[in-house]
Amino acid sequence: MLENYPFKTTPYEHQTKSLQRSLHRQEYAYFLEMGLGKSKVLLDNTAILFDEEKINALVVVTPKGNLRNWDKLEIPKHLPDHIKRNVLVWQPNHTKQWRQAYNKMVKEDSTGTLNILTVNVEAFSSKKGCVFVEEFLNTHDSLMAVDESTLIKNPKAQRTKNLLKLSTLPRYKRILTGFPVTKAPLDLFSQCAFLSPNLLGFSSYYAFRARYAVIKQRQLGRGRSFQEIVDFQRLDELQGALSDFSVRYTKDECLDLPDKVYMRREIELSPEQKEAYHTMKKEALMIVENNLFSTQSVLTQLMRLQQVVAGSLKDAGGNTVLLPNNRVKEVLGLLEEVQRKAVLFAVFRTDIEELERAIGEKFGPESVASFYGGTSGKDRQRILEDFQDTDHPLRFFVSNPHTGGRGLTLTAADTMIFYSNSYDLELRLQAEDRIHRIGQDNRCTYVDLVVPGTVDEKILDALRKKVKISNEVLGEVKEWML
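In terms of our numbering, the sequence shown opens at residue 430 and continues consecutively.
Right, dumping it as structure tokens:
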């Protein structure tokens, strides 16, 4: 059947195999590495099920930054032209026009039309989003998919709880992610529970944790104690359970893409940074020694240390103060060596703005653009188009992983500079693959700025450990930043 199907875009071999394995399954997971076209496989699966009259609707739950990509790029590019469709993008503040379009979908006969609702995952944190999606699911025979499903890995999060409640309503369910284990094997529980609570053999997260995590009771003194996960076990068993309802492909298996090359540039702290860093480090140690710490306080201290290393701090009044630093100077030197275009990622807004200012001064204002929370939707589309245009003077794309690290194609660049990193492995890998995907012909170079002996190194070490754990669960030997 697939040989004769009128695909809008011809599938690659790995996409055909993924589609064959999942086509009529009620629940399935597409664990295709970023850049391998998970969205296309989902839309081809949707199209065939629609043609067979098994479904008449598709609900895509996706990160907010990807919402418009489905409407503007993925659906027009991959859904076959013979399928008549209505596409509605979720809006938190419903206009009259939006409500009319929604009511048409749920209250009028739409035989012969595929109704598609795309909703950002954040909408499920409130009752409002859940009510609308529940009504949509109750009035359609749907396929419901969670794109970048690690966003529901936390079983305690309200959006996860709400999505799991709604997951009983669609006829078919899919989850999509290139890296299902970003912190620990326990990440898998909620993602798979969305498909079905029985797939992994545990209806309780705590029973699942007890099976696969090694837990020890730790004493804090003064009668306080907590449970700490110190290791994981039976990962071969977990890997076997996953293989029954998922498909996994990596780019090394599927594409003749150029190599990734990793480089490290060591930066020396300025005297002002050293003083601020050591002061904050002492404060953090005092908190630990006096048993005053909590998870939130530890994270706050780490973030403050990282800000100082990157070149800024907040004063007593809460105002951000720029510190003299060598980081921006190092970036400007690196960019002088770049022949094509480059993407730069920084964690903090202050750093994004400072990079845009410094690069603009050195290379000209048209050479650089920032892409973050303060960038309007209209400007974002223009920036993406200009950056991908090899003849356009825009050469340097500055963003943070949360905004620019998902769903974008930035293959006009073959160099990526990480001005700073977060502890989130998924965001790091997602960001890397903005330039390393179909359409890239050049070797991709990744440069990390690191101050030795600081939180910079701690973050990279933590990311490496997460990759090692993921390899054990997925049965891979992924080499990353070795």
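Where a beta carbon is used, it is the ideal one built from N, C-alpha and C, also for glycine.
All of these numbers come straight from a predicted model, not from anything done at the bench.
Exercise for the section: Would you tell me roughly how many angstroms separate the C-alpha atoms of K612 and D538, rounded to the nearest one? Expected result: In the sequence shown, counting from the first residue as 1, residue 612 sits at position 183. In the sequence shown, counting from the first residue as 1, residue 538 sits at position 109. Cα-Cα distance, rounded: 45 Å.
Practice task
Under the assumption that R694 contacts L878 (Cβ atoms under 8 Å), give the Cβ distance between them as a whole number of angstroms.
Solution key: Looking up residue 694 in the sequence shown gives position 265. Looking up residue 878 in the sequence shown gives position 449. The distance from the Cβ of R694 to that of L878 is about 5 Å, consistent with a contact at the 8 Å cut-off.
Practice task
Could you tell me the distance, in whole angstroms, from the CA atom of F565 to the CA atom of N485?
Solution key: Here residue 565 corresponds to residue number 136 of the sequence shown, with the count starting at 1. Here residue 485 corresponds to residue number 56 of the sequence shown, with the count starting at 1. The alpha-carbon atoms of F565 and N485 are separated by roughly 11 Å.
Practice task
Would you be able to state if there are at least three C-beta pairs under 8 Å between the segment 500–512 and the segment 465–476?
Solution key: Touching, yes.
Handout entry: Separation of S571 from T597, as counted between CA atoms
Key = On the sequence shown, position 168 is the one that residue 597 refers to. On the sequence shown, position 142 is the one that residue 571 refers to. Cα-Cα distance, rounded: 11 Å.
Problem - Contacting residues, own chain, Cβ-Cβ under 8 Å from R733 (five flanking each side not counted) - result: Mapped onto the sequence shown, residue 733 falls at position 304. If we look at R733 and ignore the five residues flanking it on each side, its Cβ neighbours are M709, L742, K743.
Exercise for the section: Can you tell me which of the three DSSP states T708 falls into? Expected result: Looking up residue 708 in the sequence shown gives position 279. Here T708 sits in helix by DSSP.
Problem - Endpoints, the beta strand (DSSP E) within which S675 is located - result: Stepping through the sequence shown from its first residue, residue 675 is reached at position 246. Its beta strand (DSSP E) spans residues 675–678.
Practice task
Under the assumption that V884 contacts Q648 (Cβ atoms under 8 Å), give the Cβ distance between them as a whole number of angstroms.
Solution key: Looking up residue 884 in the sequence shown gives position 455. Looking up residue 648 in the sequence shown gives position 219. That pair is no contact at about 27 Å.
Exercise for the section: Using only alpha-carbon positions, find the residue among G607, A787, H831 that is nearest to Y852. Expected result: Within the sequence shown, numbered from 1, the residue matching residue 852 stands at position 423. Nearest of G607, A787, H831 to Y852, Cα basis: H831.
Practice task
Whole angstroms is fine: what's the gap from F460's alpha carbon to A860's?
Solution key: Stepping through the sequence shown from its first residue, residue 460 is reached at position 31. Stepping through the sequence shown from its first residue, residue 860 is reached at position 431. It is roughly 17 Å from the alpha-carbon of F460 to the alpha-carbon of A860.
Practice task
Quick one: give me the first and last residue of the alpha helix (DSSP H) that N532 is part of.
Solution key: Counting from one through the sequence shown, the residue named residue 532 turns up at place 103. Looking at the DSSP string, the run of the alpha helix (DSSP H) that includes N532 is 525–536.
Problem - Option nearest K446 by Cα separation, candidates T542, Y678, Y641 - result: One-based indexing of the sequence shown puts residue 446 at position 17. K446 has its Cα closest to that of Y678, out of T542, Y678, Y641.
Handout entry: Straight-line gap, D480 to K513 (C-alpha atoms, nearest Å)
Key = Against the sequence shown, residue 480 aligns to sequence position 51. Against the sequence shown, residue 513 aligns to sequence position 84. Taking the straight line joining both Cα atoms gives about 11 Å.
Practice task
Using a threshold of 7 Å, state whether the C-beta atoms of P614 and L667 are closer than that.
Solution key: Here the question's residue 614 lines up with position 185 in the sequence shown. Here the question's residue 667 lines up with position 238 in the sequence shown. Yes, these two residues count as a Cβ contact at 7 Å.
Exercise for the section: Can you grab the Cα-Cα spacing for the pair V488 / T439, in whole Å? Expected result: As a position in the sequence shown, residue 488 is number 59, starting the count at 1. As a position in the sequence shown, residue 439 is number 10, starting the count at 1. The alpha-carbon atoms of V488 and T439 are separated by roughly 24 Å.
Problem - Buried versus exposed call for K895 [16 or more other C-beta atoms within 10 Å across all chains shown] - result: Sequence index remark: in the sequence shown, residue 895 carries index 466 (1-based). Looking at its Cβ environment, which holds 16 or more other Cβ atoms inside 10 Å, K895 is buried.
Exercise for the section: Under 6 Å Cβ to Cβ from Y875, same chain only, skipping five residues before and after it: list those, please. Expected result: Position 446 of the sequence shown, counting from 1, holds the residue named residue 875. Closer than 6 Å at the Cβ level, and outside the excluded window around Y875, lie Y691, M845.
Problem - Exposed unless 16 or more other CB atoms sit within 10 angstroms - verdict on E855 - result: The count along the sequence shown starts at 1 and reaches residue 855 at position 426. Buried.
Handout entry: R811 CB to nearest heavy atom of the ligand FMN below 6 Å
Key = Within the structure as shown, the ligand FMN is missing, as the structure has no ligands at all.
Exercise for the section: Please go through the segment 550–582 and give each complete alpha helix (DSSP H) segment of 4 or more residues, from N-terminal end onward. Expected result: 556–567, all fully within the segment 550–582.
Exercise for the section: Out of W527, Q520, V535, point me to the one whose CA is closest to E549's CA. Expected result: Within the sequence shown, numbered from 1, the residue matching residue 549 stands at position 120. At residue 549 the sequence reads Asn, which differs from the Glu that was named. Out of W527, Q520, V535, the CA that lies nearest to the CA of N549 is found in Q520.
Practice task
Give every residue of the same chain whose Cβ lies closer than 7 Å to the Cβ of A787, excluding the five residues on either side of it in the sequence, and list them in chain order.
Solution key: Reading the sequence shown from its first residue, position 358 is the one you call residue 787. The residues are V757, L761.
Exercise for the section: Pull up the distance between the alpha-carbon of E905 and that of K897, whole angstroms please. Expected result: The sequence position of residue 905 within the sequence shown is 476, counting from 1. The sequence position of residue 897 within the sequence shown is 468, counting from 1. Cα to Cα, the separation comes out at about 9 Å.
Exercise for the section: Less than 8 Å between the CB atoms is what I'm expecting for G789 and T838, so what's the real figure, rounded? Expected result: Here residue 789 corresponds to residue number 360 of the sequence shown, with the count starting at 1. Here residue 838 corresponds to residue number 409 of the sequence shown, with the count starting at 1. At roughly 24 Å, the Cβ-Cβ gap does not stay under 8 Å, so G789 and T838 are not in contact.
Exercise for the section: State yes or no: is the C-beta of C425 within less than 7 Å of the C-beta of H507? Expected result: The requested residue 425 is not part of the displayed model; the chain covers only 430 to 911.
Handout entry: Outcome for N522 when other beta-carbon atoms lying within 10 angstroms are tallied against a minimum of 16
Key = Translated into the one-based positions of the sequence shown, residue 522 becomes position 93. N522 comes out exposed.
Handout entry: Candidates S899, L546, Y848: closest to R528 by CA position
Key = By one-based count along the sequence shown, residue 528 stands at place 99. Measuring from the Cα of R528, the nearest candidate turns out to be L546.
Problem - Delimiting residues of the alpha helix (DSSP H) encompassing K594 - result: The residue given as residue 594 occupies position 165 in the sequence shown. Where K594 is concerned, the enclosing alpha helix (DSSP H) stretches over 587–595.
Problem - Opposing strand residues paired with T874 [DSSP bridges] - result: Here residue 874 refers to the residue found at position 445 of the sequence shown. Its beta-bridge partners are V690, T844.
Handout entry: Nearest-angstrom Cα separation, counted from N498 out to V560
Key = If you number the sequence shown from 1, residue 560 lands on position 131. If you number the sequence shown from 1, residue 498 lands on position 69. Their Cα atoms are separated by approximately 24 Å.
Exercise for the section: Can you give me the Cβ contacts of P881 inside the same chain, cut-off strictly under 7 Å, excluding the 5 residues immediately before and after it? Expected result: Along the sequence shown, read from residue 1 onward, the residue named residue 881 stands at position 452. Only E695 meet the Cβ criterion.
Practice task
Please list the segments of the beta strand (DSSP E) lying wholly inside the segment 784–842, counting only runs of 3 or more residues, in order along the chain.
Solution key: 797–800, 825–828
Problem - Minimum length 4: unbroken alpha helix (DSSP H) runs contained in the segment 476–512 - result: Runs of the alpha helix (DSSP H) spanning 4 or more residues and lying entirely within the segment 476–512 occur at 504–507, in chain order.
Practice task
Can you give me the Cβ contacts of I864 inside the same chain, cut-off strictly under 7 Å, excluding the 5 residues immediately before and after it?
Solution key: Within the sequence shown, residue 864 is the residue found at index 435, counting from 1. If we look at I864 and ignore the five residues flanking it on each side, its Cβ neighbours are V772, L839, T840, A842, D843, M845, C873.
Practice task
Report the option in K770, E432, V490 whose CA atom is closest to the CA atom of I581.
Solution key: For this step, residue 581 is matched to residue 152 along the sequence shown. Looking from the CA of I581, the closest CA among K770, E432, V490 belongs to V490.
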